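Quick note on the numbering used here: the sequence shown kicks off at 20 and runs consecutively. Backbone N, C-alpha and C define an ideal beta-carbon position, used for all residues, glycine too. Keep in mind it's a predicted model, so treat the numbers as computed, not measured.
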Amino acid sequence: MWLLDTNVLIECNKLETRPFKKGLTFTTILSLIEFPIASKYDEISVIYPSSIHYEQSFKNAVLLREKGNPLPTIDILIGTITVEKNLILVSNDIHFKSLQKIEPRLKIINSNVYIKNIQEL
Numbered sequence: 020m021w022l023l024d025t026n027v028l029i030e031c032n033k034l035e036t037r038p039f040k041k042g043l044t045f046t047t048i049l050s051l052i053e054f055p056i057a058s059k060y061d062e063i064s065v066i067y068p069s070s071i072h073y074e075q076s077f078k079n080a081v082l083l084r085e086k087g088n089p090l091p092t093i094d095i096l097i098g099t100i101t102v103e104k105n106l107i108l109v110s111n112d113i114h115f116k117s118l119q120k121i122e123p124r125l126k127i128i129n130s131n132v133y134i135k136n137i138q139e140l
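Structure follows, in structure tokens:
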């Protein structure tokens, strides 16, 4: 199961066939706020952050800042949600690797790998 970052939603929206599968493809309300067009795809389930996600994101933000690798707040939250929901983050943003260094449970793939995987289903 995959959680799509905003940049991947934008990329997939440009494709002739949308690579989404109901029950397997997720995003966050934060990504929908950034790219509302994606809300029209019923195959994508939307995750809303909980207080647990916010608390863990704060801890992650502190660790990242201490290591000199601050990330955008929304991306920290998206990465944290991905881990807590045991999903695979699909993003073309390489800065998520910084979060992966402090949270090794974060699994990340790029959009090309995701599209190949979803087409094989």
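Any beta strand (DSSP E) of 3 or more consecutive residues that is wholly inside the region 62–86: 63–66
Which of the three DSSP states, helix, strand or coil, is assigned to Phe39? Within the sequence shown, residue 39 is the residue found at index 20, counting from 1. The answer is coil: DSSP assigns Phe39 none of H, G, I, E or B.
Which of the three DSSP states, helix, strand or coil, is assigned to Ile95? Walking along the sequence shown from the start, residue 95 turns up at place 76. Residue state, collapsed to three classes: helix.
Span of the alpha helix (DSSP H) around Leu118: As a first step, residue 118 must be located in the sequence shown, where it is residue number 99. Element bounds for Leu118: 115–121.
Among the candidates Tyr67, Val102, Ile107, Glu62, whose CA atom is the shortest distance from the CA of Asn32? Residue mapping note: residue 32 aligns to position 13 of the sequence shown, counting from 1. Among Tyr67, Val102, Ile107, Glu62, the Cα nearest to that of Asn32 belongs to Glu62.
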